[in-house]
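Engineer: I have a structure I would like to understand better, so I am pasting it below and will then ask my questions one at a time.
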Amino acid sequence: MLPLDNLSGDPEQEFFADGMTDILITELARLEHVDVISRTSVVKFKETRLTVPEIADELGVDAIVEGTVTRDGDRIRVIAQLVDRSDHHIWGESYEYLYSDVLQLQHEFALAIAREIGARVDPERRAAGDTVLEPAAHEAVLRGHHLARTRTHDGLRRAKEYFREAIAIDPNYAAAHSGYAYVCNLIANYGYESSADERPQARAAAERSLELDPSLAEGHRALAMVAYEYDWDFETAEREYEIALSLQPSSAETRGWYAHLQLALGDPGRSEEEMRHAFRLNPLSPIVGANVGWVLFVDGRNDEAVEQLQ
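First residue of the sequence shown? That's 1 in my numbering, and the numbers climb one at a time after it.
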């Protein structure tokens, strides 16, 4: 799915267009037996002049979703179309919802795409936390994820504040708690703050997110990260990563972390399989590409590692 074009006429709403792209990709990533390309790779094509066939070749995909989003007060309008790699129109639809119904929009969008490509998705999947009672909380979550992508200390610190704000507005919003857990994990991973400070916060937030919505893949992933990187509880980490992947098979980030765990467990073959799958889902990411090389290096396949890293 390509980044949605912002037609709101307000440059300040770019974060919202990017956020809508993210949540639609996240919803599509729940489809079984379908590889959905990560946002990290598709963002390169924001405002691109390349043709659909050229983009499809670069990403290695059979079809592309493109569209626009307009936000006018408390109303959202998304216009999307599905085209094949030859730029032949397959499907198109327009959605208009109140901001408070944005999660219903993304769910119906994913169901429509699934029907067109013959993918399986559970139409009854309406998780306990799958509602937005307070639009301001949802907007704070979008801003939090927007800042988290910077991976800088300041960006992650500010992202954490936005997730904290979302929780204060709506304490029962599961995605706000999982976002907070995710950022706490990243802050510890990058060494910006101590793990002793951040990991317990991540654990508590992840557990709360799963109390509210047990089917939230991001909550299971955050719990797995704490178990693996802080507790050294590899059994729990493996179980939680596998649950996360069963709920969101096309998450390149989760597959990448899971691959690192498999390497720690002494299974470089499984690690390579998962990391290469992550690379298929995020083919333009130098980080994921380098991680494939790292797995090959640890497995003693130095020539292959050098080729991959180059």
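A virtual CB, placed ideally from N, CA and C, is assigned to each residue, including glycine.
Helix, strand or coil, according to DSSP, for E193 in the structure here?
Structural biologist: Residue state, collapsed to three classes: coil.
Engineer: Would you check if there are 3 or more beta carbon pairs closer than 8 Å linking the segment 167-176 to the segment 189-201?
Structural biologist: Too few Cβ pairs lie closer than 8 Å, so no.
Engineer: From this set, Y97, R164 and I90, which residue's C-alpha is nearest V78's C-alpha?
Structural biologist: V78 has its Cα closest to that of Y97, out of Y97, R164 and I90.
Engineer: Under 8 Å by Cβ, that's how I've got H153 and Y192 pegged, so tell me the actual separation to the nearest angstrom.
Structural biologist: About 4 Å; that satisfies the 8 Å criterion.
Engineer: Is it the case that the Cβ atoms of T254 and R276 are separated by a distance below 7 Å?
Structural biologist: Contact: no.
Engineer: Let me make sure I understand the geometry here. Which of A205, E274 and E93 has the alpha-carbon closest to that of L364?
Structural biologist: Given a span of 1 to 310 for the chain in the structure shown, any question on residue 364 remains unanswerable.
Engineer: Let me know the secondary structure DSSP gives T51 once reduced to three states.
Structural biologist: Coil, per DSSP.
Engineer: Less than 7 Å between the C-beta atoms of A181 and A206, yes or no?
Structural biologist: Yes. Within cutoff.
Engineer: If you scan the segment 217-242 from start to end, which runs of the beta strand (DSSP E) of 3 or more residues do you find wholly inside it?
Structural biologist: Correct list: empty.
Engineer: Check Q308 in the structure and name its three-state DSSP category.
Structural biologist: Of the three classes helix, strand and coil, the one that applies to Q308 here is helix, per DSSP.
Engineer: Tell me which same chain residues have a C-beta within less than 6 Å of the C-beta of K160, skipping the five on either side of it?
Structural biologist: Excluding residues within five positions, the ones whose Cβ falls inside 6 Å are V183.
Engineer: Going by DSSP in three states, G266 sits in which element: helix, strand or coil?
Structural biologist: Coil.
Engineer: Which residue marks the beginning of the alpha helix (DSSP H) containing R30, and which one marks its end?
Structural biologist: R30 -> no alpha helix (DSSP H), and no H or E assigned at all.
Engineer: For H335, I'd like the list of residues in its chain whose CB is within less than 7 Å of its CB, leaving aside the five on either flank, ordered along the chain.
Structural biologist: A query on residue 335 cannot be resolved here, the shown segment of the chain reaching from 1 to 310 and no further.
Engineer: Do Y230 and Y241 come within 7 Å of each other at the CB atom, strictly closer than that value?
Structural biologist: Going by C-beta atoms, Y241 is not nearer than 7 Å to Y230.
Engineer: Sort G60, A196 and A148 by Cα distance to S178 and report the nearest one.
Structural biologist: Considering only alpha carbons, the answer is A148.
Engineer: When DSSP builds the beta bridges, which residues end up paired with N6?
Structural biologist: Note: N6 sits in a beta bridge opposite V69.
Engineer: Output the residue ranges of the alpha helix (DSSP H) runs that lie fully inside the segment 68-119 and measure 4 residues or longer, sorted by chain position.
Structural biologist: Whole alpha helix (DSSP H) segments, 4+ residues: 102-117.
Engineer: According to the Cβ coordinates, are R85 and A119 closer than 7 Å?
Structural biologist: Their beta carbons are not under 7 Å apart, which means R85 does not touch A119 by this criterion.
Engineer: Can you look up D23 in the DSSP assignment and give me helix, strand or coil?
Structural biologist: The sequence given here has Ile at residue 23, not Asp. Three-state DSSP puts I23 in a helix.
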